[in-house]
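Novice: Here's a structure for you.
Here you go:
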């Protein structure tokens, strides 16, 4: 067996042992109206296909900041989705290493538009 094969087998073994991290509780996945409500602002970006990568990142960062400012000093609304952990929109597109838990979180945003696609990043 070549050294490359041993590395591949070791990686596959580690991947099988790592836990999956899902951003939403299972109950959220069955109520599509709550998901639509949660993502209503994201769906309202006009001409998003014409924007550059940096313009899209800026829009998402601005939406994140507006959401945080809107919630300052207000009690948490029970009709909004709760996520496991505290995420910023720009953190949804990074892989996070958790060596003490023997896992790597690869967020689904890493593989989705607008951060990744046939023509992006530009």
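In this note's numbering, the protein residues as written are 1493 to 1614.
Note that CB positions come from ideal geometry on N, CA and C, so glycine has one too.
What you are looking at is a predicted structure, and each value in this text was computed from that prediction instead of being measured.
Alpha carbon to alpha carbon, how far is residue 1528 from residue 1499? Give it in angstroms, no decimals.
Specialist: Approximately 42 Å, taken between the alpha carbons.
Novice: I'd like to know whether the C-beta of residue 1532 is nearer than 8 Å to at least one C-beta of chain B.
Specialist: Looking for chain B here will not work: only one protein chain is present.
Novice: State the Cα-Cα distance for the pair residue 1532 and residue 1595, rounded to the nearest angstrom.
Specialist: Computed Cα separation, rounded: 32 Å.
Novice: Give the DSSP-derived three-state secondary structure of residue 1594 in the structure shown.
Specialist: Three-state result, residue 1594: coil.
Novice: Following the continuous alpha helix (DSSP H) through residue 1548, name the residue where it begins and the one where it ends.
Specialist: Where residue 1548 is concerned, the enclosing alpha helix (DSSP H) stretches over 1545-1562.
Novice: Within 10 angstroms of its Cβ, does residue 1504 collect 16 or more other Cβ (buried), or is it exposed?
Specialist: The residue in question, residue 1504, is exposed, as its Cβ has fewer than 16 Cβ neighbours within 10 Å.
Novice: By the 10 Å Cβ neighbour count, where 16 or more other Cβ atoms means buried, how is residue 1561 classified, buried or exposed?
Specialist: By the neighbour-count rule (16 or more Cβ atoms within 10 Å), residue 1561 is not buried but exposed.
Novice: For residue 1588, collect the residues of the same chain with a Cβ closer than 6 Å to its Cβ; drop the 5 residues on either side in sequence, then sort them by chain order.
Specialist: So the list reads 1597, once near-sequence residues are dropped.
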